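K.L.:
The following block contains the structure, expressed as structure tokens.
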Amino acid sequence: MNKTLMEKIANFVAGIKFDDIPTAILENALPCFIDGFGCMLAGALSPVTAIRASLASKSDREAHAFLPNPFMTDVPSAACINGISAHYEDFDDVSIVLRGHPSAVMVPTCLAVGEEQKSSGKKLLTAYIIGVDVADYIAKHINPEHYSIGWHSTSTLGIFGATAAASYLMGLTVPQMANALSIAASMSSGLKGNFGTMTKPYHAGLAAEQSIIATYLAAAGMEANTNIFDDPAGYRRAYAGEDMEKRDIPDLSWETSAFASSMLSLKPYPSCRGTHTAIDATLFLRETYDLKLEDIKKINVYVQPIAADIVTYERVERPSQGKFCMSYCVAAALLDGTVNLDHFSEAQIQRKDLRAVMDKTEMIVDLALSNGEYTDGTWKARVEIVLIDGRKHEKIIVDAKGEPSNPMSTKEIEQKFLQNANRVMDQSSANETLITLKNLTSIRNIMTLSTDIAQAMN
Numbered sequence: 054m055n056k057t058l059m060e061k062i063a064n065f066v067a068g069i070k071f072d073d074i075p076t077a078i079l080e081n082a083l084p085c086f087i088d089g090f091g092c093m094l095a096g097a098l099s100p101v102t103a104i105r106a107s108l109a110s111k112s113d114r115e116a117h118a119f120l121p122n123p124f125m126t127d128v129p130s131a132a133c134i135n136g137i138s139a140h141y142e143d144f145d146d147v148s149i150v151l152r153g154h155p156s157a158v159m160v161p162t163c164l165a166v167g168e169e170q171k172s173s174g175k176k177l178l179t180a181y182i183i184g185v186d187v188a189d190y191i192a193k194h195i196n197p198e199h200y201s202i203g204w205h206s207t208s209t210l211g212i213f214g215a216t217a218a219a220s221y222l223m224g225l226t227v228p229q230m231a232n233a234l235s236i237a238a239s240m241s242s243g244l245k246g247n248f249g250t251m252t253k254p255y256h257a258g259l260a261a262e263q264s265i266i267a268t269y270l271a272a273a274g275m276e277a278n279t280n281i282f283d284d285p286a287g288y289r290r291a292y293a294g295e296d297m298e299k300r301d302i303p304d305l306s307w308e309t310s311a312f313a314s315s316m317l318s319l320k321p322y323p324s325c326r327g328t329h330t331a332i333d334a335t336l337f338l339r340e341t342y343d344l345k346l347e348d349i350k351k352i353n354v355y356v357q358p359i360a361a362d363i364v365t366y367e368r369v370e371r372p373s374q375g376k377f378c379m380s381y382c383v384a385a386a387l388l389d390g391t392v393n394l395d396h397f398s399e400a401q402i403q404r405k406d407l408r409a410v411m412d413k414t415e416m417i418v419d420l421a422l423s424n425g426e427y428t429d430g431t432w433k434a435r436v437e438i439v440l441i442d443g444r445k446h447e448k449i450i451v452d453a454k455g456e457p458s459n460p461m462s463t464k465e466i467e468q469k470f471l472q473n474a475n476r477v478m479d480q481s482s483a484n485e486t487l488i489t490l491k492n493l494t495s496i497r498n499i500m501t502l503s504t505d506i507a508q509a510m511n
């Protein structure tokens with residue numbers, strides 16, 4: 054009898070051992086885990102994190118919720134709180150297959166369950182890789198249709214990866230794991246219409262939280278339809294439309310891992326990935342030409358449909374909207390030579406010089422950039438600066454800084470981590486945390502890492 058999709062995933066995951074994972078995959082995955090951890094620390098000050106933390110029980114001391122005053126709570130709540138933090142600044146990594154941010158869901162899930170299970174660093178990294186790969190595997194069966202109709206796949210598909218990771222750490226049997234994944238299908242949620250609001254980062258936390266609950270339920274004996282993905286009334290048709298055909302996708306393997314040949318797409322700027330090629334193009338033009346604001350008549354930003362579908366804010370009324378406003382990100386890059394966390398504050402979005410550049414900037418969909426398709430698999434953008442005297446300067450960027458084809462260096466990744474960690478701990482503690490994370494696979498009990506970080510944040 055043919056195995057269902059959930060059964061195939063469970064069979065693959067249950068047989069994984071750390072020593073069987075190719076070295077290249079481990080080497081590519083660890084910097085992404087560290088980057089995700091740093092993003093979690095950077096977002097710990099967020100108001101959304103504080104709101105969710107206010108609802109968490111402090112009587113169940115099972116896993117750490119990392120805030121300026123860390124506390125221990127139940128495992129699902131800890132994962133939710135930390136997941137919100139990891140995604141709050143929109144500084145976390147991207148999978149183009151997933152059309153989302155895997156580490157914001159996987160790192161908090163693995164960390165919370167790992168604490169509860171007293172997992173080793175090796176097991177934690179293994180679970181993280183499993184989570185990213187399973188989320189991508191599901192995405193290959195349903196994207197880009199799923200994403201293009203409004204689902205936020207960070208959470209809707211990320212929940213499957215997180216459930217696989219949690220199930221692995223908890224040691225579920227193959228049938229239990231297949232049930233956990235199938236239960237998670239009924240918990241899958243998150244809408245792109247909430248981008249630019251407090252609810253977007255909550256999506257990552259919600260996926261982490263619900264994945265753990267799904268795993269607990271399956272471990273306790275709850276059953277589900279393990280053919281839920283392909284059932285006539287199942288996930289594929291409900292989440293991608295009735296016309297979505299079943300695809301023949303190669304089974305999970307190390308050869309198809311997201312980390313087989315490269316890292317994930319890491320972000321040098323804390324804004325929607327759809328803005329990054331335009332930011333890079335603007336920075337190039339800024340560095341190449343002697344541009345003065347008074348000489349600029351118009352800035353045209355040509356993008357693929359996928360970017361216009363996400364970067365939807367024309368004006369910025371709240372800092373979070375700036376992350377999804379092309380004119381704001383381009384203006385910041387042109388005026389300041391960078392786009393960083395400080396740009397997304399109440400004071401910054403009121404700057405008159407930024408507003409002046411925004412008024413001259415227009416985002417335009419150019420189907421030629423993606424051969425007439427929704428996307429060509431990149432975030433390709435072309436920025437054209439038109440001067441008052443009629444001259445034009447333009448630059449096309451195919452792969453933004455941080456893409457696998459244009460990766461951030463080890464030094465850049467570590468500098469980003471330290472900057473993020475410095476928001477909640479001193480420089481010495483940030484340095485020590487980075488060293489510890491770089492040696493993750495030597496940690497015998499992950500609770501020691503969490504305890505040390507919690508103390509550094511106090």
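Per the working numbering: the sequence shown = residues 54 to 511.
Glycine included, every Cβ here is placed at the ideal spot set by N, Cα and C.
This structure is a prediction, so every number in the text was calculated from the model and none was measured.
Please give the ranges of any alpha helix (DSSP H) in the region 376 to 421, keeping only runs that are unbroken, at least 4 residues long and fully inside the region.
P.N.:
Counting whole runs of 4 or more residues, the region 376 to 421 contains the alpha helix (DSSP H) stretches 379 to 389, 399 to 402 and 405 to 412.
K.L.:
What number of angstroms, rounded off, separates the C-alpha of H396 from the C-alpha of A409?
P.N.:
Position 343 of the sequence shown holds residue 396. Position 356 of the sequence shown holds residue 409. About 16 Å.
K.L.:
Report all residues from its chain with a CB closer than 7 Å to the CB of V166; omit the five preceding and five following residues, and keep chain order.
P.N.:
Locating residue 166 in the sequence shown gives position 113, where the first residue counts as 1. These residues qualify, in order along the chain: V128, A219, L222, M223 and I265.
K.L.:
Assuming K245 is part of the beta strand (DSSP E), what are its boundary residues?
P.N.:
The sequence position of residue 245 within the sequence shown is 192, counting from 1. Note, K245: premise wrong, no beta strand (DSSP E); not H, not E.
K.L.:
Roughly how many angstroms lie between the CA atoms of G68 and A109, to the nearest whole one?
P.N.:
One-based indexing of the sequence shown puts residue 68 at position 15. One-based indexing of the sequence shown puts residue 109 at position 56. Going by the C-alpha atoms only, they are around 35 Å apart.
K.L.:
Would you mind giving the Cβ-Cβ distance between Y292 and I195, rounded to the nearest angstrom? I have them listed as a contact below 8 Å.
P.N.:
On the sequence shown, position 239 is the one that residue 292 refers to. On the sequence shown, position 142 is the one that residue 195 refers to. Right, their Cβ atoms sit about 7 Å apart.
K.L.:
With a cut-off of 8 Å on the beta carbons, I'd call L210 and L270 a contact; round off their distance for me.
P.N.:
The residue given as residue 210 occupies position 157 in the sequence shown. The residue given as residue 270 occupies position 217 in the sequence shown. The Cβ separation is near 20 Å, so there is no contact.
K.L.:
Please work out which residues of its chain come closer than 6 Å, Cβ to Cβ, to G375, disregarding the five sequence neighbours upstream and downstream, and give them in chain order.
P.N.:
For the purposes of this step, residue 375 is taken as the residue at position 322 of the sequence shown. Around G375: V369, Y381, F397 and I402.
K.L.:
Give me the Cα-Cα distance between R32 and Y427, rounded to the nearest whole angstrom.
P.N.:
This structure cannot speak to residue 32, because the chain is shown only from 54 to 511.
K.L.:
In the DSSP output, what is Y355 paired with across the bridge?
P.N.:
The count along the sequence shown starts at 1 and reaches residue 355 at position 302. According to DSSP, which records beta bridges pairwise, Y355 is partnered with I417 and R435.
K.L.:
What residues in its chain sit with their C-beta under 7 Å from that of D189, if we drop five residues either side in the sequence?
P.N.:
Against the sequence shown, residue 189 aligns to sequence position 136. Excluding sequence neighbours, D189 sits near S148, V150, L151 and A311.
K.L.:
Using DSSP's beta-bridge definition, name the partner residues of V147.
P.N.:
In the sequence shown, the residue the question calls residue 147 occupies position 94. V147 pairs with S318.
K.L.:
Pick out the complete beta strand (DSSP E) segments inside the region 429 to 482, 3 residues or longer, and give them in chain order.
P.N.:
Listed in chain order, they are 434 to 440 and 445 to 450.
K.L.:
How many angstroms separate the CA atom of A507 from the CA atom of S482?
P.N.:
As a first step, residue 507 must be located in the sequence shown, where it is residue number 454. As a first step, residue 482 must be located in the sequence shown, where it is residue number 429. Taking the straight line joining both Cα atoms gives about 11 Å.
K.L.:
By how many angstroms is the C-alpha of N498 removed from the C-alpha of Q170?
P.N.:
The sequence position of residue 170 within the sequence shown is 117, counting from 1. The sequence position of residue 498 within the sequence shown is 445, counting from 1. Those two C-alpha atoms are separated by around 9 Å.
K.L.:
Could you tell me which residues DSSP puts in a beta bridge with G153?
P.N.:
Translated into positions along the sequence shown, residue 153 becomes position 100. Paired residues: S148.
K.L.:
Given a threshold of 16 other Cβ atoms within 10 Å of its Cβ, counted over all protein chains shown, does G243 qualify as buried or as exposed?
P.N.:
The sequence position of residue 243 within the sequence shown is 190, counting from 1. Its Cβ being crowded by 16 or more others within 10 Å, G243 is buried.
K.L.:
List the endpoints of the continuous beta strand (DSSP E) containing M297.
P.N.:
Against the sequence shown, residue 297 aligns to sequence position 244. From DSSP, M297 is part of no beta strand (DSSP E); its letter is neither H nor E.
K.L.:
Taking only the alpha-carbon atoms, compute the straight-line gap between S172 and A217 and give it to the nearest angstrom.
P.N.:
Taking the first residue of the sequence shown as position 1, residue 172 is located at position 119. Taking the first residue of the sequence shown as position 1, residue 217 is located at position 164. Computed Cα separation, rounded: 15 Å.
K.L.:
Got a sec? Which residues, its chain only, sit under 6 Å from C378 by beta carbon, not counting five neighbours each side?
P.N.:
Working through the sequence shown from its first residue, we reach residue 378 at position 325. Cβ within range, chain order: Y366 and V369.
K.L.:
Check this for me: beta carbons of L7 and I438, under 7 Å apart or not?
P.N.:
Residue 7 lies beyond the residue range present for the chain, which begins at 54 and ends at 511; the question has no answer from this structure.
K.L.:
Measuring CA to CA, which of D146, E142 and E295 is closest to P100?
P.N.:
Translated into positions along the sequence shown, residue 100 becomes position 47. Answer by Cα proximity: E142.
K.L.:
What would DSSP say about T126, mapped onto helix, strand or coil?
P.N.:
The residue you call residue 126 lines up with position 73 of the sequence shown. Looking at T126 - three-state DSSP - the assignment turns out to be strand.
K.L.:
What residue from K176, L98, T268 and A180 has the CA that sits closest to P155's CA?
P.N.:
As a working mapping, residue 155 is identified with position 102 in the sequence shown. It is A180 whose Cα lies nearest to the Cα of P155.
K.L.:
Taking buried to mean at least 16 other C-beta atoms within 10 Å of its own C-beta, is L420 buried or exposed?
P.N.:
Along the sequence shown, one-based indexing puts residue 420 at 367. Label assigned to L420: exposed.
K.L.:
Of the choices G153, D73 and G174, whose alpha-carbon is the least far from that of S201?
P.N.:
Start at 1 with the first residue of the sequence shown, and residue 201 comes out as number 148. Taking only the C-alpha atoms, the option nearest S201 is G153.
K.L.:
Residues bridged to W204 by DSSP?
P.N.:
For the purposes of this step, residue 204 is taken as the residue at position 151 of the sequence shown. W204 pairs with L244.
K.L.:
Could you give the distance in angstroms between the alpha-carbon of S423 and the alpha-carbon of Q357?
P.N.:
Residue 423 sits at position 370 when you count from the first residue of the sequence shown. Residue 357 sits at position 304 when you count from the first residue of the sequence shown. Straight-line Cα distance between these residues: approximately 6 Å.
K.L.:
What do you get for T341, buried or exposed, if any count of 16 or more other CB atoms within 10 angstroms of its CB means buried?
P.N.:
Position 288 of the sequence shown, counting from 1, holds the residue named residue 341. The residue in question, T341, is exposed, as its Cβ has fewer than 16 Cβ neighbours within 10 Å.
K.L.:
Quick check on DSSP: helix, strand or coil for I175?
P.N.:
Position 122 of the sequence shown, counted from the start, is the residue given in the question as residue 175. Note on residue identity: the sequence assigns Lys, not Ile, to residue 175. The answer is helix: DSSP assigns K175 an H, G or I state.
K.L.:
Measure from the alpha carbon of E456 to the alpha carbon of each residue in D145, A215, A273 and Q468, then state which is nearest.
P.N.:
As a working note, residue 456 is residue 403 in the sequence shown. It is D145.
K.L.:
So the candidates are Y255, K454 and S495; which of them puts its Cα closest to the Cα of A334?
P.N.:
Here the question's residue 334 lines up with position 281 in the sequence shown. Comparing Cα positions, the closest option is K454.
K.L.:
Could you pull out every residue in the same chain whose Cβ sits closer than 6 Å to the Cβ of M125, ignoring the five residues on either side in sequence?
P.N.:
For this step, residue 125 is matched to residue 72 along the sequence shown. R114 and H117.
K.L.:
Using the beta-carbon count (16 or more within 10 Å), is L346 buried or exposed?
P.N.:
Position 293 of the sequence shown holds residue 346. When all chains shown are included, L346 counts as exposed.
K.L.:
Between which two residues does the beta strand (DSSP E) harbouring A116 extend?
P.N.:
For this step, residue 116 is matched to residue 63 along the sequence shown. Taken as a continuous stretch (DSSP letters only), the beta strand (DSSP E) holding A116 covers A116 to A118.
K.L.:
To the nearest angstrom, how far is it from the Cα of A82 to the Cα of I182?
P.N.:
Residue mapping note: residue 82 aligns to position 29 of the sequence shown, counting from 1. Residue mapping note: residue 182 aligns to position 129 of the sequence shown, counting from 1. One C-alpha to the other measures close to 7 Å.
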